[in-house]
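S.K.:
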Amino acid sequence: MKIVKATEDNIRISAGIIKKGGLVAFPTETVYGLGADALNPIAAASIFEAKKRPFFDPLIVHIADLSDVERVARNVASKGLKLMERFWPGPLTIVLEKLDIVPDIVTSGLATVAVRMPVHPAARGLIREAGTPIAAPSANRFGCLSPTTAEHVYNQLGDSVDMILDGGPCSIGIESTIVKIMNNRIYLLRPGGIAPEEIEDFTGEVLLAGYPKNKPEAPGQLPYHYSPEKQVILVDKISRIEDRCGYLFFREPGFSYP
Ligand code: AMP
Ligand code: MG
Numbered sequence: 098m099k100i101v102k103a104t105e106d107n108i109r110i111s112a113g114i115i116k117k118g119g120l121v122a123f124p125t126e127t128v129y130g131l132g133a134d135a136l137n138p139i140a141a142a143s144i145f146e147a148k149k150r151p152f153f154d155p156l157i158v159h160i161a162d163l164s165d166v167e168r169v170a171r172n173v174a175s176k177g178l179k180l181m182e183r184f185w186p187g188p189l190t191i192v193l194e195k196l197d198i199v200p201d202i203v204t205s206g207l208a209t210v211a212v213r214m215p216v217h218p219a220a221r222g223l224i225r226e227a228g229t230p231i232a233a234p235s236a237n238r239f240g241c242l243s244p245t246t247a248e249h250v251y252n253q254l255g256d257s258v259d260m261i262l263d264g265g266p267c268s269i270g271i272e273s274t275i276v277k278i279m280n281n282r283i284y285l286l287r288p289g290g291i292a293p294e295e296i297e298d299f300t301g302e303v304l305l306a307g308y309p310k311n312k313p314e315a316p317g318q319l320p321y322h323y324s325p326e327k328q329v330i331l332v333d334k335i336s337r338i339e340d341r342c343g344y345l346f347f348r349e350p351g352f353s354y355p
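Heads up, the sequence shown is in the working numbering, so the first residue is 98 and it goes up one at a time.
1) How about Val169 and Val199: do their beta carbons lie closer than 8 Å?
2) Could you give the uninterrupted runs of the beta strand (DSSP E) lying entirely in the stretch 117-143, keeping only those of 3 residues or more?
3) Three-state secondary structure (DSSP) at Met181?
4) Among Asn237, Gly255 and Cys342, which one has its Cα closest to the Cα of Gln328?
5) Is the beta carbon of Val276 sitting closer than 8 Å to the one on Leu286?
6) Look at Phe239 and Ser205 and say whether their C-beta atoms are less than 8 Å apart.
7) CB of Ser257 to nearest heavy atom of ligand 2: below 7 Å?
8) Could you tell me how far apart the beta carbons of Val128 and Ser235 are, in whole angstroms, since I believe they sit closer than 8 Å?
9) Just to confirm, are Ile278 and Gly289 a CB contact at a threshold of 8 Å?
10) Does any heavy atom of ligand 3 sit closer than 7 Å to the C-beta of Val199?
11) On the three-state DSSP scale, how would you describe Glu226?
12) With C-beta atoms as the reference, is Ile231 less than 8 Å away from Asp134?
13) Going by alpha carbons, who is nearest to Asp259 out of Ile114, Lys102 and Gly228?
14) Extract the residue ranges of the beta strand (DSSP E) inside the stretch 254-292, only unbroken runs of 3 or more that lie entirely within it.
15) Shorter than 7 Å, the distance from the beta carbon of Pro186 to the closest heavy atom of ligand 1, or not?
16) Can you give, in chain order, each stretch of the beta strand (DSSP E) that sits fully within the stretch 181-205 and has at least 3 residues?
17) Per DSSP, what are the beta-bridge partners of Val212 in this structure?
18) According to DSSP, simplified to helix, strand and coil, what is Asp165?
19) Quick one: what does DSSP say Ile115 is sitting in, helix, strand or coil?
20) What would DSSP say about Ala103, mapped onto helix, strand or coil?
21) Around the Cβ of Tyr354, are there at least 16 other Cβ atoms within 10 angstroms (buried) or fewer (exposed)?
22) What does a CB cutoff of less than 8 Å around Tyr284 pick up in its chain, not counting 5 residues either side in sequence?
23) Look up Ile231 in the DSSP assignment and give the residues it is bridged to.
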């Protein structure tokens, strides 16, 4: 079993694995990430291999400190900087103009790189100790649900990961919000852990939807994504609660429930 507690010692060992081009799954406040050295193209390729992720789906690069942004991106708009200062560390990913040092495999050949600074101390400790930005998508098989515990990672990825750092269940449990700033406007590429309204309240401007291009660049636009293995049924009305089912209501159900 490769699940180890995210202690200082184990973070140091994991950082050594990252430096050597290995794969480490680690906790963040959003979901567990499958991390590799973001500046090492072969290491980044092994993320795609382990997840069975298609190469057209770019990775988010994780950093530990604001000064790390300059290691992967340039020409950060002042609006971008304000978002970083307000929402980092936290579940906000910002798409920026990439530096050549970031391998094309990480960004799927795009001229931009998605960057985030996580809150979780184990995540930031790992990045600092590794001394390199860490590319990390969610630590699940492509198209499946994102893991929010170390066991979820092991169940999905098993031995294709060199080490799994256990930092307990993720406090947020959904992906990061992704934004991109273009022509001084902020586009919401993917909703996530930070509500768009929170960004709008802070910036005083309405976020623009999606991306002004024909090609979809944000996730969740394929026929299957974030798919649970259990059956999901959409219903208009129900009259009672069955055993062994989970329910999500968007309004009061109109009857009493346990
Ligand atoms: P995740 O699967 O949570 O790691 O998020 C990765 C998602 O971030 C990808 O599916 C992309 O949609 C988005 N992303 C990453 N890099 C970029 C980029 N350079 N431009 C636009 N979106 C990006
Ligand atoms: Mg994912």
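Glycine residues also receive a C-beta, built at the ideal position from the N, C-alpha and C atoms.
M.R.: On the basis of the supplied data:
1) Translated into the one-based positions of the sequence shown, residue 169 becomes position 72. Translated into the one-based positions of the sequence shown, residue 199 becomes position 102. It is a contact, given that the beta carbons lie within the stated cut-off.
2) The qualifying runs are 121-123 and 130-134.
3) Indexing the sequence shown from 1 puts residue 181 at position 84. Residue state, collapsed to three classes: helix.
4) As a working note, residue 328 is residue 231 in the sequence shown. For Gln328, the closest alpha carbon among the candidates Asn237, Gly255 and Cys342 is that of Cys342.
5) If you number the sequence shown from 1, residue 276 lands on position 179. If you number the sequence shown from 1, residue 286 lands on position 189. The answer is yes: Cβ separation under 8 Å.
6) Translated into the one-based positions of the sequence shown, residue 239 becomes position 142. Translated into the one-based positions of the sequence shown, residue 205 becomes position 108. Ser205 is positioned such that its CB atom lies no closer than 8 Å to that of Phe239.
7) Sequence index remark: in the sequence shown, residue 257 carries index 160 (1-based). No - ligand 2 has no heavy atom lying nearer than 7 Å to the Cβ of Ser257.
8) The residue given as residue 128 occupies position 31 in the sequence shown. The residue given as residue 235 occupies position 138 in the sequence shown. Rounded, the Cβ-Cβ distance is 5 Å, consistent with contact.
9) Mapped onto the sequence shown, residue 278 falls at position 181. Mapped onto the sequence shown, residue 289 falls at position 192. Not in contact: Ile278 and Gly289 (Cβ atoms no closer than 8 Å).
10) Absence of ligand 3 from the depicted structure is noted, with ligand 1 and ligand 2 being the only ligands included.
11) On the sequence shown, residue 226 is found 129 positions in, with the first residue counted as 1. Helix.
12) Residue numbering aside, residue 231 sits at position 134 when the sequence shown is read from its first letter. Residue numbering aside, residue 134 sits at position 37 when the sequence shown is read from its first letter. Contact: yes.
13) The residue labelled residue 259 in the question sits at position 162 within the sequence shown. Nearest C-alpha to Asp259 among Ile114, Lys102 and Gly228: Ile114.
14) Counting only runs of at least 3 residues, the stretch 254-292 fully encloses the following beta strand (DSSP E) elements, listed from N- to C-terminal order: 260-263, 274-279 and 282-287.
15) Mapped onto the sequence shown, residue 186 falls at position 89. No, ligand 1 has no heavy atom inside 7 Å of this Cβ.
16) Every beta strand (DSSP E) stretch that sits fully inside the stretch 181-205 and reaches 3 residues is listed by chain position as 189-195.
17) In the sequence shown, the residue the question calls residue 212 occupies position 115. Beta-bridge pairing links Val212 to Val158 and Ile191.
18) Counting from one through the sequence shown, the residue named residue 165 turns up at place 68. If DSSP states are grouped into helix, strand and coil, Asp165 belongs with the helices.
19) In the sequence shown, the residue the question calls residue 115 occupies position 18. Reduced to three states, the DSSP call for Ile115 is helix.
20) Taking the sequence shown and counting its residues from 1, one reaches residue 103 at position 6. Judged by DSSP in its simplified three-state form, Ala103 adopts coil rather than helix or strand.
21) Walking along the sequence shown from the start, residue 354 turns up at place 257. With a 10 Å radius around the Cβ and a threshold of 16 neighbouring Cβ atoms, Tyr354 comes out exposed.
22) As a working mapping, residue 284 is identified with position 187 in the sequence shown. Counting only Cβ-Cβ distances below 8 Å, and skipping sequence neighbours, we find Val276, Lys277, Ile278, Leu304, Leu305, Ala306, Gly307, Tyr308 and Pro309.
23) In the sequence shown, residue 231 corresponds to position 134, counting from 1. BP columns for Ile231 point to Asp134 and His159.
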